[in-house]
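Just so you know, the sequences run in chain order A and B. Residues in the first sequence are numbered from 1 upward in steps of one, following this note's numbering. Residues in the second sequence are numbered from 1 upward in steps of one, following this note's numbering. Worksheet: one structure, shown below.
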Amino acid sequence: MFEILGVASGLRAPIAMPVANRALSAPLNIHCDHSDTMGVRDAGWIQIYAENAQEAYENTLLAVKLAEDKEVLLPVMSCMDGFITSHGVENVVIHEDDAVREFIGEYSFQYNLLNYKNPVTVGAIELTDYLFETRRQQAEAMERVPRVLPRISKDLAEITGNEFDVVEEYYTDDADAIVLTMSSAAGTTKAVVDRMRREGKRVGLLKLRMFRPFPFERIAEALQGAKAVAVLDRAFSFGTSAPIFTDVKNALYNADSKPKLQSYVFGIGGRDISDEHIEGVFKRLLSGDVSDREEYINLRE
Amino acid sequence: MNYKEFAEKEERLAPGHGLCAGCAAPIIVKTVLSATDKPVVVANATGCLEVSTTIYPASAWRVPWIHSAFENAAATISGVEAAYQSLKKQGKIGEDVTFVAFGGDGGTYDIGLQSLSGALERGHDFLYVCYDNEAYMNTGNQRSGSTPFGASTTTEPAGKVIPGKTEFKKDLMKIVIGHDIPYAAKASVGNWLDLIKKAEKAFQVKGPKFLLVNSPCTTLWGFSNKSTIDIAKLLIETCAWPLYEYENGEYHLTYKPKEKKPIIEYLKTQRRFKHLLKPENKHVVDTIQKHVDEKWAEILRLCGEEE
Numbered sequence: 001m002f003e004i005l006g007v008a009s010g011l012r013a014p015i016a017m018p019v020a021n022r023a024l025s026a027p028l029n030i031h032c033d034h035s036d037t038m039g040v041r042d043a044g045w046i047q048i049y050a051e052n053a054q055e056a057y058e059n060t061l062l063a064v065k066l067a068e069d070k071e072v073l074l075p076v077m078s079c080m081d082g083f084i085t086s087h088g089v090e091n092v093v094i095h096e097d098d099a100v101r102e103f104i105g106e107y108s109f110q111y112n113l114l115n116y117k118n119p120v121t122v123g124a125i126e127l128t129d130y131l132f133e134t135r136r137q138q139a140e141a142m143e144r145v146p147r148v149l150p151r152i153s154k155d156l157a158e159i160t161g162n163e164f165d166v167v168e169e170y171y172t173d174d175a176d177a178i179v180l181t182m183s184s185a186a187g188t189t190k191a192v193v194d195r196m197r198r199e200g201k202r203v204g205l206l207k208l209r210m211f212r213p214f215p216f217e218r219i220a221e222a223l224q225g226a227k228a229v230a231v232l233d234r235a236f237s238f239g240t241s242a243p244i245f246t247d248v249k250n251a252l253y254n255a256d257s258k259p260k261l262q263s264y265v266f267g268i269g270g271r272d273i274s275d276e277h278i279e280g281v282f283k284r285l286l287s288g289d290v291s292d293r294e295e296y297i298n299l300r301e
Numbered sequence: 001m002n003y004k005e006f007a008e009k010e011e012r013l014a015p016g017h018g019l020c021a022g023c024a025a026p027i028i029v030k031t032v033l034s035a036t037d038k039p040v041v042v043a044n045a046t047g048c049l050e051v052s053t054t055i056y057p058a059s060a061w062r063v064p065w066i067h068s069a070f071e072n073a074a075a076t077i078s079g080v081e082a083a084y085q086s087l088k089k090q091g092k093i094g095e096d097v098t099f100v101a102f103g104g105d106g107g108t109y110d111i112g113l114q115s116l117s118g119a120l121e122r123g124h125d126f127l128y129v130c131y132d133n134e135a136y137m138n139t140g141n142q143r144s145g146s147t148p149f150g151a152s153t154t155t156e157p158a159g160k161v162i163p164g165k166t167e168f169k170k171d172l173m174k175i176v177i178g179h180d181i182p183y184a185a186k187a188s189v190g191n192w193l194d195l196i197k198k199a200e201k202a203f204q205v206k207g208p209k210f211l212l213v214n215s216p217c218t219t220l221w222g223f224s225n226k227s228t229i230d231i232a233k234l235l236i237e238t239c240a241w242p243l244y245e246y247e248n249g250e251y252h253l254t255y256k257p258k259e260k261k262p263i264i265e266y267l268k269t270q271r272r273f274k275h276l277l278k279p280e281n282k283h284v285v286d287t288i289q290k291h292v293d294e295k296w297a298e299i300l301r302l303c304g305e306e307e
C-alpha cells in the first residue's frame, strides 16, 4: 500500500482513512503497535491519533473536514490502537446525525473527472522539470494545517463539546517529570498521573494528538520547565531513534531550556503496558535517572 | 461504422503525443474510443501509453483521464464508475457516461491482474482494453506473462543456454472469461473493422467488458515502423491470434483465415525471434507451431467451427 499512499497525497485526494494501528510482518502479528503508520510518516498524509473510541469517532469527523479544506487538500489518517481501541468495548456518545451531516457539508470539486465538457488529465507524468514544484506545494499545504485547524475544531466542538488540539496538556504546567506519548497509552498515563499527583508528585502527561504535521512549537512550549521528559514510542525506527523521540528532540533544539530526554519503546506487537510500568518511568524521571540509550518497557532481555 | 464515418470523427486522443512512430497503441485507443458517441472517462495503467501521452504540462487526452499506478487501472475505473453511479442516484449527474480502462500486458496479465479480477467480479459497468505488446516495452523489453515462447527479452535473452522465453504466453482470455462477464473478445490492429465492431458491441453491453488487442511494438519486436499492421495481419493469418468473441456464454469466431500460414512466416519478420531461424533452434519453432495448432484447434472447438 505504500506506493498508493504517495499517489493519494500527490494527487491531493481529500481522503479520510481510519487506521487501526497494527504491527507489521514478519513475523506475523496482528496486534497493536504503530509500525504501520510510523513507517509511512513521509507519505504526505496528515496523521492524527486517538486515545479512546470517543476520540477515534470525533477525530474521523474532523479528518473529513480537514482533508477537504481548500487550503489543505491532503489525505488524513485517523489512527486508533488496533484491538485496544478498535475492538475495545467502551461507551461512546454518538452525536446527532443531522448536526454531523451539517458539519461535514457537501464537498465541492475543484476539478471533476466526470465533467467531460471540461476534460482534465489526472495523474500525469512529471519529469525533472516539474515534480520538485509539485512536492513543494504539498509541503506548503502541510504547513497551512495549523492555521486551518482551529476553525474546523471549533465548529466540531459545537457539536461534540470537545475541542481538538494538536496536543493535550495534562498537568504539565508545574510538572517536574513529563511522559509524552500517543493513543491508548495516554489514557493509562492519565490514571498514573492522577494517582501520583494525589501523592504530591509533580508529574504530567503531554499527549500528542497530531503527529503530521508535527507541532514542534507547541511541544517545545509545553515541555518548558520540566526537569525530565520520557518519550514513549510504540514503534522502532531501525538504525535511528524512535520516531516521536526524534521529532521531540528536534523540537527542543532551539528551545530556551532543554529538559533531559529519555527514549522508551513499548508495546510492540500488542505487548501490554501497565500503570506500574508508567509509574516506574515517572519514578526514574523524578530521580534524574535518564540515559542516552533507547530503553524498552516490559521487554525480556 | 465504416472507414468514412471513422475518418470524420474527432480523435479523442490528439496527435502530437510521444509514442513511437508505428506504435499500435494509439491506433487501438482512437479506434476503440471512436466506437461510442457517449462521453467517456478513461483510466490508464502505467506503461508506454500513459507516459507518452501525459508529459506535464501537456496532455494528448481530449476526454477526462486518470492514472493512479501500474497495478490498479481496473480498480481506479471501478472507483470512478462507482462515484458516477452514486452521483447519478442522487440526481447530481444526468448524462450517460462510459468508462474505459487501458492497460498494456504488464499492467493487465501480471501487475494489474488482481485489480482486473476484482473489478470484473464486482460487475462494474466498464470496458477494459489490454493493448498487448507482449513484454514490458516501456522499460525496455523485460519478459511478461504475455511474452510468447521463444521471444528474446532482456530478462530471458536468447543465447547459448536458452532460446529466449521458455514458457508459453498466459491465456488471459480464459482467466477473464472465467469471471462469467457478458462480453470478452480478442481483436487486433491487423483487422480494423473487426476491432471497431467488437468495441461498438462492447459499448452496448452493461457490465464488465474486456478486449484483448494485439499491439505490435516496432521498437522492441524489431521491425520497420511502416509494417505494424502487416505484422498484426500476418499473426492473424497464422492462426496464432484467433479473432473471436465470447458473448453471454457463447464463443464466436469472427474471422477465419482462408489458408493457415506457418508460424515461421511470422517469426522471421522480427528481431526478437531472429535466433529461431538458426538450424539448431528448429525444435523451438516446432514447439511453437505445435502450440499454435493446439490452441487454434481448441478455439475452433469452442466456437463450434470445423477444423
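All residues carry an ideal CB built from backbone N, CA and C; glycine is no exception.
Spatial neighbours of residue i in its chain, beta-carbon cut-off 8 Å, leaving aside the 5 residues before and after
i: Glu-10 of chain B; result: Arg-62
i: Lys-289 of chain B; result: It is Gln, not Lys, that sits at residue 289 of chain B in the sequence shown. Cβ neighbours of Gln-289 of chain B beyond the five flanking positions: Pro-262, Ile-263, Ile-264.
i: Pro-182 of chain B; result: Val-205, Lys-206, Gly-207, Pro-208, Lys-209, Glu-247, Asn-248
Between the CA atoms of residue j and residue i - distance to the nearest angstrom
i: Ala-45 of chain B; j: Gln-114 of chain B; result: 13 Å
i: Tyr-109 of chain B; j: Ile-231 of chain B; result: 22 Å
i: Gly-94 of chain B; j: Ile-66 of chain B; result: 21 Å
i: Leu-42 of chain B; j: Leu-11 of chain A; result: Leu is not the amino acid found at residue 42 of chain B; the sequence shown has Val there. Answer to the nearest angstrom: the Cα atoms are 16 Å apart.
i: Ala-124 of chain A; j: Ala-69 of chain B; result: 11 Å
i: Asp-125 of chain B; j: Ala-202 of chain B; result: 11 Å
i: Leu-285 of chain A; j: Asn-138 of chain B; result: 58 Å
i: Thr-85 of chain A; j: Gly-105 of chain A; result: 28 Å
i: Asp-173 of chain A; j: Ile-48 of chain A; result: 24 Å
i: Val-292 of chain B; j: Gly-88 of chain A; result: 60 Å
i: Glu-200 of chain B; j: Asp-247 of chain A; result: 58 Å
i: Ser-9 of chain A; j: Ala-119 of chain B; result: 24 Å
i: Val-203 of chain A; j: His-277 of chain A; result: 15 Å
i: Asn-21 of chain A; j: Leu-28 of chain A; result: 14 Å
i: Asp-36 of chain A; j: Leu-24 of chain A; result: 6 Å
i: Arg-144 of chain A; j: Ala-242 of chain A; result: 26 Å
i: Ala-157 of chain A; j: Phe-164 of chain A; result: 8 Å
i: Met-196 of chain A; j: Leu-208 of chain A; result: 21 Å
i: Ala-177 of chain A; j: Gly-82 of chain A; result: 28 Å
i: Ser-215 of chain B; j: Phe-6 of chain B; result: 20 Å
Neighbourhood of residue i by C-beta, 6 Å cutoff - its chain only, sequence neighbours within 5 removed
i: Pro-18 of chain A; result: Thr-60, Ser-78
i: Gly-222 of chain B; result: Gln-270, Arg-271, Arg-272
i: Val-32 of chain B; result: Val-129, Ala-199
i: His-17 of chain B; result: Ser-52, Thr-53, Ala-60
i: Glu-295 of chain A; result: Tyr-264
Neighbour flag for residue i against chain B, beta carbons, 8 Å
i: Ala-67 of chain A; result: no
i: Leu-114 of chain A; result: yes
i: Gly-123 of chain A; result: yes
Other residues of its chain near residue i: CB distance less than 7 Å, five sequence neighbours each side excluded
i: Cys-303 of chain B; result: Tyr-244, Tyr-251, His-252, Leu-253
i: Val-304 of chain A; result: Only positions 1 to 301 of chain A appear in this structure, which leaves residue 304 of chain A out of reach.
Cβ of residue i within 8 Å of any chain A Cβ
i: Ser-59 of chain B; result: yes
i: Thr-54 of chain B; result: yes
i: Val-32 of chain B; result: no
i: Ala-69 of chain B; result: yes
i: Ile-93 of chain B; result: yes
i: Val-100 of chain B; result: no
i: Pro-26 of chain B; result: no
DSSP three-state assignment for residue i, whether helix, strand or coil
i: Ala-184 of chain B; result: strand
i: His-252 of chain B; result: strand
i: Arg-12 of chain B; result: coil
i: Glu-303 of chain A; result: One cannot answer for residue 303 of chain A here, as it falls past the ends of chain A, which runs 1 to 301.
i: Arg-202 of chain A; result: coil
i: Ser-241 of chain A; result: coil
i: Met-196 of chain A; result: helix
i: Gln-270 of chain B; result: coil
i: Phe-282 of chain A; result: helix
i: Val-231 of chain A; result: strand
i: Gly-103 of chain B; result: strand
i: Leu-113 of chain B; result: helix
i: Val-100 of chain A; result: helix
i: Thr-98 of chain B; result: strand
Minimum length 4: unbroken alpha helix (DSSP H) runs contained in the stretch 26-61 of chain A: Counting only runs of at least 4 residues, the stretch 26-61 of chain A fully encloses the following alpha helix (DSSP H) elements, listed from N- to C-terminal order: 35-39.
Runs of alpha helix (DSSP H) lying entirely within the stretch 136-186 of chain A, each at least 4 residues, in chain order: DSSP runs (the alpha helix (DSSP H)) wholly in the stretch 136-186 of chain A: none.
Complete runs of the alpha helix (DSSP H) confined to the stretch 137-205 of chain B [at least 4 residues]: As far as the stretch 137-205 of chain B is concerned, its whole alpha helix (DSSP H) runs of at least 4 residues are 172-177, 192-204.
Near-chain C residues of the stretch 140-165 of chain A - C-beta to any C-beta below 9 Å: You won't find chain C in this structure, because its protein chains are A and B.
Any alpha helix (DSSP H) of 4 or more consecutive residues that is wholly inside the stretch 5-92 of chain B: Counting only runs of 4 or more, we get 25-33, 48-53, 73-89.
Entirely enclosed beta strand (DSSP E) segments - the stretch 246-271 of chain A, minimum 3 residues: Taking 3 residues as the shortest admissible run, the stretch 246-271 of chain A contains the following complete beta strand (DSSP E) segments, listed from N- to C-terminal end: 260-265.
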